[in-house]
Structures are given as structure tokens and as C-alpha cells.
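Residue numbers (my numbering): 1 to 355.
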């Protein structure tokens, strides 16, 4: 019954969409007065971080890391095309895009008919990776009936899920826009309808950060603000993912279940001065994912996740729950270690059984 489900794990790392050195944040941190003093000296950085920074301000690592991500997306796209789903469900975080002061659900199924976006129109970060014109427009088809089926199934199982037929504010969030742009890296077109599944990954600091990655100084300022209520617990994301797999396992559709995010984020890892991610924790979770040891994922608390900069990994907790429900391990999994580009990235393919 689960042959109609494909699992994929990707990233929506914003830096990949722009040309240039992906390690620019390091110099922002070293010039920030709130950075812990010992981190201003390269000699005090973790040894792998020193190697990646090298003698060229991280450019060589940046170039290699960029190509490795492109290769990961091509791998994911091949799996997607071979499976040829009727639509894709993508778990992605909402960073103060449609989750704002007027409504912040823990989760929301976006049962849109379609979404149009112009990703470069207001871009001020640099030249996009495809040299596309600033006014270039993209349209993604939605799958309202699939989204309604998912929301109905979750509600019938007792999950108090929110749903929407249209955006509340700025349109489709960057987690979904970037996912599609990157899965279509070679610009052959993206023919698959999309059911975005938003997660309130930023929780306590959603309105404090307002979608802007905190520098060390801004991170210190967050301590002075009254926190928002927390995001969902990782184990709840795990349960939501399992219920999503059940919703589609016996359905009429072929569905790709996709988690989109980088793993530990430097700007969310306060214990490292918001300068580098929790690479060791990422490695532990990756090995658990590769081995199908889903207890490691299911038994994680939100406090643990936040300490590790794993806020956005909540999207992958949903995928982990789905794959645990289907009793799958990844047949392909790649870990891209990066101390200086804000985050580690992981790509994974969970193919359906052949028989």
C-alpha cells in the first residue's frame, strides 16, 4: 500500500540562489561586538572550521559546497522524475511570511490552486545563480483536493491542523519557493503540483527575528524581548509525519513527501556564539536517519532541538515520522559538512519498495 509514496530530504538554503562566497556570514560575525572574544581568533576555532576557512576566506570550500548541493538536488530530481508523483507535499518553515502577529498556527496545510512568485524582483543580496532577469515570474500549480484530503485525514485522527486556500500576507514562503527553484536547477520546468505544509519552526523567536537571521548582537537583543509561545515539539512533528503517510498510503494518488531545510543553523546556535552550527549533533542525527533508528528522532524535546540550532529540523522530524511509519531507511543519503556557510546540509531519498 505504500508503493505510492516517495520520501525526499532536501534544503532550501537561501545562499545557493545567489552567486558568490557562501561563507560571508563569518566576517559579519567577527566584526560584531557581541561575538564572544575568543572566537575572533581563527586559532580558537574548531580545527575543521579552520581548514574550511583556509587561506582564501572560505572560497574553496564555498565552491565545493555549492557544487555538492547542486549534485544533491540533481539526485533528488532524478528520484522525483522516476517516481513521477501526482503532487508533492513539502514540509517547510514559515519565517514571518504568512505566520505573523494575526495568526500563528503550529502547522498549516496550504491547499492552494496555484502560486505565482518573482523571487528576484526585490532581491538585494546579489546576482541570482541563473542570471535570470529581475522580473522573471514563476507559477507553481497547487493541488487543492490533495491538500483538503490531507487536512481532513489529520483532523479525523485528532490533529488540530490549520489549512488555507490562499496566502494571508506575502505569498508562498521562501522554503517552498527555493525548494522548487533548486529542484529545477537545470531549468527544465517543474511539472509537479505542490501542497506546502508549513511548520512554526521559529517558535519562541518568530516575531523577534521577523525572518531575519540574528547576528550575535541581535541574538543578544532577543534575550531582552518577551518570547513568543513555543513551536511544536519534535515528537509532535514526528506524529504529524506518520499521520501524513497514513493519509496517503492507501489513496488514489502517487505522492512525494519532502522535508526542506538545512540542519543546525549557526545563527540559531547560541552556545557557539551564533557563528557555527552544532555539527556533532547533526552527525548523530544523520547516522540515526541512515540506520532507520527513529527513536533518536522521536524522543527529542524542543529544548534539545533549540539548543542545537535544530529549529528548522522540525521539517525533517515530519519526514522522519513518515518514513518510520512506512518502515523505511534511505537508499541514498548524503551529509554535507559545513562549519562556515551557516549550516550542514543533507540530501536523502527514500524510494518505495519495488514489489
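Even glycine gets a Cβ: it sits at the ideal position worked out from N, Cα and C.
- For the pair residue 97 and residue 303, the Cα-to-Cα distance works out to about 24 Å.
- One alpha carbon belongs to residue 80, the other to residue 49, and they sit about 34 Å apart.
- Under the Cβ criterion (8 Å, minimum of three pairs), the stretch 177–190 does not count as touching the stretch 267–281.
- By the 16-neighbour rule on beta-carbons within 10 angstroms, residue 31 is exposed.
- Secondary structure at residue 177: helix, using DSSP grouped into helix, strand and coil.
- With fewer than 16 other CB atoms across the displayed protein chains lying within 10 angstroms of its CB, residue 42 is exposed.
- Between residue 238 and residue 298 the beta-carbon gap is near 5 Å, inside 8 Å, which marks them as a contact.
- Distance from the CA of residue 99 to the CA of residue 166, rounded to the nearest whole angstrom, comes to 13 Å.
- The stretch 151–168 makes no contact with the stretch 203–222, as fewer than three CB pairs between them are under 8 Å.
- Beyond the five residues adjoining it in sequence on each side, residue 125 comes within less than 7 Å, by CB distance, of 18 in the same chain, given in chain order.
- Linking residue 192 to residue 34 through their CA atoms gives a straight-line distance of about 45 Å.
- Short of 6 Å from the beta carbon of residue 143, and not among the five residues preceding or following it, lie these beta carbons of its own chain, in chain order: 87, 193 and 195.
- The beta carbon of residue 180 is closer than 8 Å to those of 138, 140, 190 and 194 in its chain, skipping five residues each way along the sequence.
- Cβ contact annotation for residue 244 (same chain, cutoff 6 Å, sequence separation greater than five): 322, in chain order.
- Residue 235 places its beta carbon 9 Å or farther from that of residue 341.
- At least 9 Å separates the beta-carbon of residue 343 from that of residue 260.
- Of all alpha-carbon atoms in 8, 241 and 62, the one lying nearest the alpha-carbon of residue 78 is that of 8.
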